[in-house]
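Chemist: These protein sequence lines are chains W and C, in that order.
Under this note's numbering, think of the first position of the first sequence as 84, with each following residue one higher.
Under this note's numbering, think of the first position of the second sequence as 144, with each following residue one higher.
Here's a structure for you.
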Amino acid sequence: EAGVAQSPRYKIIEKRQSVAFWCNPISGHATLYWYQQILGQGPKLLIQFQNNGVVDDSQLPKDRFSAERLKGVDSTLKIQPAKLEDSAVYLCASSLVGSHPLNEQFFGPGTRLTVL
Amino acid sequence: GENVEQHPSTLSVQEGDSAVIKCTYSDSASNYFPWYKQELGKRPQLIIDIRSNVGEKKDQRIAVTLNKTAKHFSLHITETQPEDSAVYFCAATDYNQGGKLIFGQGTELSVKP
């Protein structure tokens with residue numbers, strides 16, 4: 084089966100600019116996650132969707148980050164305006180329903196963001 | 144909320160030796176503990192997981208043990224090979240509460256031929 088797709092793979096912007104990332108989960112996967120992985124650290128969950136509803140966005144910096152999953156399939160994550168500390172790899176993952184042990188989270192290749 | 148600590152941050156072993164990576168968690172409600180392997184520049188991939196009703200799980204050369212009382216779990220890799228070289232992440236979650244994974248800081252394993 085096709086995996087989780089993300090684009091772009093790399094993005095370089097200057098601080099205060101805006102940027103958007105796109106994710107297409109595995110077909111049929113109801114749950115979609117966006118993680119931020121800073122160099123040398125483990126992934127940190129930013130937001131979790133169940134279909135097109137938000138399950139958890141407690142660690143999303145809502146003053147600058149936003150995410151949507153309008154039709155319960157693709158999702159976009161936006162940063163506006165970007166800060167230097169936003170430099171990281173943004174990983175999208177999907178699973179059938181939540182993080183039940185029977186429903187593995189599959190990760191996409193990530194988008195590496197560099198903010199100058 | 145849950146906090147996961149992972150040790151060591153780097154680990155170097157000779158090919159054929161065993162490697163052990165340890166994690167501790169803080170939330171006693173956590174009941175699912177996956178381990179991910181991330182090769183340089185690639186996506187994390189699940190290699191093994193364990194649920195809280197099991198003390199040990201094995202899959203060929205890798206095994207995971209869980210001590211619920213002490214709130215720690217470990218990854219064991221036997222007969223290491225150069226292709227085992229990667230960053231390994233542990234994670235914990237209460238899958239009855241939405242399944243948000245909390246990851247450890249990662250361990251960079253280097254297997255020297």
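Quick reminder that beta carbons are idealized off the backbone N, C-alpha and C, glycines included.
These figures come from a predicted structure and were not determined experimentally.
Which residues in the same chain have their Cβ closer than 7 Å to the Cβ of serine 272 of chain C, if we skip the five residues on either side of it in sequence?
Modeler: The structure shown has nothing for residue 272 of chain C, since chain C only spans 144 to 256.
Chemist: Judging by CA-CA distance, which residue of C/Thr208, C/Lys185, C/Lys180 is the nearest neighbour of arginine 195 of chain W?
Modeler: Comparing Cα-Cα distances from arginine 195 of chain W to each of C/Thr208, C/Lys185, C/Lys180, the minimum goes to C/Lys185.
Chemist: Does DSSP put leucine 167 of chain W in a helix, in a strand, or in coil?
Modeler: Three-state result, leucine 167 of chain W: helix.
Chemist: In angstroms with no decimal places, state the Cα-to-Cα distance between isoleucine 205 of chain C and serine 90 of chain W.
Modeler: Their backbone Cα atoms lie some 33 Å apart in a straight line.
Chemist: Would a C-beta distance cut-off of 8 Å place lysine 214 of chain C and serine 195 of chain C closer than the cut-off?
Modeler: Against a cut-off of 8 Å, the Cβ pair of serine 195 of chain C and lysine 214 of chain C comes out as no contact.
Chemist: On the premise that aspartate 237 of chain C lies in contact with serine 173 of chain C, defined as a C-beta separation below 8 Å, what is that separation, rounded to the nearest angstrom?
Modeler: The Cβ separation is near 5 Å, so the contact holds.
Chemist: Between which two residues does the beta strand (DSSP E) carrying glutamine 89 of chain W extend?
Modeler: Counting along the chain, the beta strand (DSSP E) containing glutamine 89 of chain W begins and ends at 88–90.
Chemist: I need the DSSP call for proline 225 of chain C, collapsed to helix, strand or coil.
Modeler: Helix, per DSSP.
Chemist: Could you check how far apart the C-beta atoms of tyrosine 118 of chain W and leucine 174 of chain W are, in whole angstroms? I think they sit under 8 Å.
Modeler: That pair is a contact at about 4 Å.
Chemist: With distances taken between CB atoms, is the gap from threonine 114 of chain W to serine 158 of chain W smaller than 8 Å?
Modeler: Contact: no.
Chemist: Check whether the segment 92–111 of chain W touches the segment 144–153 of chain C, counting contact only when three or more Cβ pairs, one atom from each stretch, lie closer than 8 Å.
Modeler: Because the criterion of three Cβ pairs below 8 Å is not met, the segment 92–111 of chain W and the segment 144–153 of chain C do not touch.
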